[in-house]
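K.L.:
Protein chains: 2
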Amino acid sequence: MKWDELSREPCSLARSVAVIGDRWTLLILRDCFLGVRRFEAFQERLGISRTIIADRLKVLTDEGVLQKVAYQARPARHEYRLTEKGLDLYPVILAIVSWGDRHYDDGRGPPILRRHKSCGCDFQPVMTCSECGDEVDARGVEARPGAAFSPSAAG
Amino acid sequence: MKWDELSREPCSLARSVAVIGDRWTLLILRDCFLGVRRFEAFQERLGISRTIIADRLKVLTDEGVLQKVAYQARPARHEYRLTEKGLDLYPVILAIVSWGDRHYDDGRGPPILRRHKSCGCDFQPVMTCSECGDEVDARGVEARPGAAFSPSAAG
DNA sequence: ATGGTCCGTCCAGAAAATAAACTTATGGGA
DNA sequence: TCCCATAAGTTTATTTTCTGGACGGACCAT
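Protein chains in written order, with the numbering used here: chain W, 1181 to 1335; chain R, 1181 to 1335.
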């Protein structure tokens, strides 16, 4: 399988990874959720080559994860904002951060604290079942093929 | 920033991405959660070069996400199993799959269905607040620097 | 006029990813 | 014994991607 065939796999994980599973894309998305919106800001914060920033922002824009919004007319300038589809990626970011908080703590605690506005508390994300509300973990789940399954598919 | 500097960033997402943020690593982990354990099986299912499989399995093993377990002595053969640290990645996989299910459905529904054993229902994962139990989304959360924060850090 | 900001593109060299063939160790059958 | 098969990689050569730096265009402030 090649990288550009991923999006045609009958697998939701493969299709997602085709868009966001890149080395730098997740870092760009992290910054998006922290309020970074401009090309120069991404480049400065990440310290990677401008070519990659431009390429990844284009992919995310083409996929509808980010949206270009003009903030001044002359010279034409715009910023990159998360769309609804992009905001839907928040659980992905939270899950990754949470795993890092747990397994790669350097002893000084989490680098970023997150407060749930509606209850006012600093919180940890918990993955729960939509039906019973209990926490789900790998051992408590049974996977089986769905309608869109085909032999080479998975997840 | 370079790829191998990621793990030294004061950012839980960067540290995690240094381990699992690779193109193929997430696909390998997907298969792990579906019960795939042997080198040949990973290679056959993913259809990518053996070099990459070997390299990624080594990284995941070195990081303690997978563990080599012998299943026969002569010739020496072993399989790769998720450790507790690896099982902790389940919310990450679920979050990515869930996003794909929602935004890259081809009209035939999800390729894989998941049943929560304890309640017996097919379910969708919901990211909730550890303190109040309500669902969390990007707009309802406020991030701020924690103890391990430093100027270049994030998330 | 000079320098600064912002958002890119272009280029050549360096680094990484990839496919295909090969290696090692063993067991089974003709 | 010889040949084939299985499993888990390694080696080699090619292809792709990434990098750092320079460059460009459209403005603005001094």
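Virtual Cβ for every residue (Gly too), placed ideally from N, Cα, C.
Could you name the residues of chain R that Lys-1238/W contacts, counting a contact when the two beta carbons are closer than 8 Å?
P.N.:
Locating residue 1238/W in the first sequence gives position 58, where the first residue counts as 1. Simply none; closest approach about 18 Å.
K.L.:
Excluding five sequence neighbours on each side, which residues of the same chain lie with their C-beta closer than 6 Å to the C-beta of Arg-1295/W?
P.N.:
As a working note, residue 1295/W is residue 115 in the first sequence. Excluding positions up to five away in sequence, the list reads Asp-1302.
K.L.:
Of all Cβ atoms in chain R, is any one closer than 8 Å to the Cβ of Val-1321/W?
P.N.:
For this step, residue 1321/W is matched to residue 141 along the first sequence. Yes, Val-1321/W counts as interfacial toward chain R.
K.L.:
Please report whether the beta-carbon of Ala-1306/W lies at a distance below 8 Å from any beta-carbon of chain R.
P.N.:
Taking the first sequence and counting its residues from 1, one reaches residue 1306/W at position 126. According to the sequence shown, residue 1306/W is Val rather than Ala. Answer yes: the Cβ-Cβ gap between Val-1306/W and chain R drops below 8 Å somewhere.
K.L.:
For chain R, check one thing: does any of its Cβ atoms lie closer than 8 Å to the Cβ of Arg-1288/W?
P.N.:
Along the first sequence, read from residue 1 onward, the residue named residue 1288/W stands at position 108. Arg-1288/W counts as touching chain R.
K.L.:
Can you list, in chain order, the residues of its chain whose CB lies under 7 Å from that of Val-1316/R, leaving out five sequence neighbours each side?
P.N.:
For this step, residue 1316/R is matched to residue 136 along the second sequence. Cβ neighbours of Val-1316/R beyond the five flanking positions: Met-1307, Thr-1308 and Cys-1309.
K.L.:
Rounded to whole angstroms, what's the CA-CA distance from Thr-1241/W to Glu-1259/W? Just pull it up for me.
P.N.:
The residue labelled residue 1241/W in the question sits at position 61 within the first sequence. The residue labelled residue 1259/W in the question sits at position 79 within the first sequence. Approximately 11 Å, taken between the alpha carbons.
K.L.:
Less than 8 Å between the C-beta atoms of Asp-1161/W and Ser-1229/R, yes or no?
P.N.:
The question about residue 1161/W has no answer here: the residues shown for chain W are numbered 1181 through 1335.
K.L.:
Spell out the partners DSSP gives Met-1307/W in its beta bridges.
P.N.:
Counting from 1 along the first sequence, the entry for residue 1307/W is found at position 127. Paired residues: Met-1307/R.
K.L.:
According to the neighbour-count rule (16 or more other Cβ atoms, all chains shown, within 10 Å of its Cβ), is Glu-1189/W buried or exposed?
P.N.:
Residue mapping note: residue 1189/W aligns to position 9 of the first sequence, counting from 1. When all chains shown are included, Glu-1189/W counts as buried.
K.L.:
Assuming Glu-1322/R is part of the beta strand (DSSP E), what are its boundary residues?
P.N.:
The count along the second sequence starts at 1 and reaches residue 1322/R at position 142. That run of the beta strand (DSSP E) goes 1321 to 1325.
K.L.:
Please state the DSSP three-state secondary structure of Tyr-1284/R.
P.N.:
As a position in the second sequence, residue 1284/R is number 104, starting the count at 1. Coil at Tyr-1284/R, not helix or strand.
K.L.:
Here's the rule: buried if 16 or more other CB atoms are within 10 angstroms of the residue's CB, otherwise exposed. What is Leu-1214/W?
P.N.:
Start at 1 with the first residue of the first sequence, and residue 1214/W comes out as number 34. Under this definition Leu-1214/W is an exposed residue.
K.L.:
Rounding to the nearest angstrom, what Cα-Cα distance links Leu-1262/W and Leu-1246/W in this structure?
P.N.:
By one-based count along the first sequence, residue 1262/W stands at place 82. By one-based count along the first sequence, residue 1246/W stands at place 66. About 5 Å.
K.L.:
Is it buried or exposed for Gly-1201/W, if we count other Cβ within 10 angstroms and need 16 for buried?
P.N.:
Along the first sequence, read from residue 1 onward, the residue named residue 1201/W stands at position 21. With 16 or more other Cβ atoms within 10 Å, it is buried.
K.L.:
Out of curiosity, what's the CA-to-CA distance linking Glu-1220/W and Lys-1238/W?
P.N.:
The sequence position of residue 1220/W within the first sequence is 40, counting from 1. The sequence position of residue 1238/W within the first sequence is 58, counting from 1. Distance between the alpha carbons of Glu-1220/W and Lys-1238/W: 15 Å.
K.L.:
Can you tell me whether DSSP reads Val-1249/R as helix, strand or coil?
P.N.:
Position 69 of the second sequence, counting from 1, holds the residue named residue 1249/R. Val-1249/R falls in the strand class under three-state DSSP.
K.L.:
At which residues does the beta strand (DSSP E) containing Glu-1259/R begin and terminate?
P.N.:
One-based indexing of the second sequence puts residue 1259/R at position 79. Start and end: 1257 to 1262.
K.L.:
Which same chain residues end up closer than 7 Å to Gln-1304/R when comparing Cβ atoms and leaving out the 5 residues on each side of it in sequence?
P.N.:
Here residue 1304/R refers to the residue found at position 124 when the second sequence is read from its first residue. Excluding positions up to five away in sequence, the list reads Ser-1278.
K.L.:
For Pro-1325/W, tell me which candidate among Ile-1292/R, Ala-1323/R and Pro-1255/R has the shortest Cα-Cα distance.
P.N.:
In the first sequence, residue 1325/W corresponds to position 145, counting from 1. Checked all of Ile-1292/R, Ala-1323/R and Pro-1255/R; the closest Cα to Pro-1325/W is Ile-1292/R.
K.L.:
Residue range of the beta strand (DSSP E) that Arg-1225/W falls in?
P.N.:
Taking the first residue of the first sequence as 1, we reach residue 1225/W at position 45. Looking at the DSSP string, Arg-1225/W is not in any beta strand (DSSP E); the run it does join, the alpha helix (DSSP H), is 1219 to 1226.
K.L.:
From the DSSP output, read off the bridge partner residues of Glu-1315/W.
P.N.:
On the first sequence, position 135 is the one that residue 1315/W refers to. Answer by DSSP bridge pairing, in chain order: Thr-1308/W.
K.L.:
Are Leu-1186/R and Ala-1194/R touching if we call contact CB-CB under 8 Å?
P.N.:
Within the second sequence, the letter at position 6 stands for residue 1186/R. Within the second sequence, the letter at position 14 stands for residue 1194/R. The answer is yes: Cβ separation under 8 Å.
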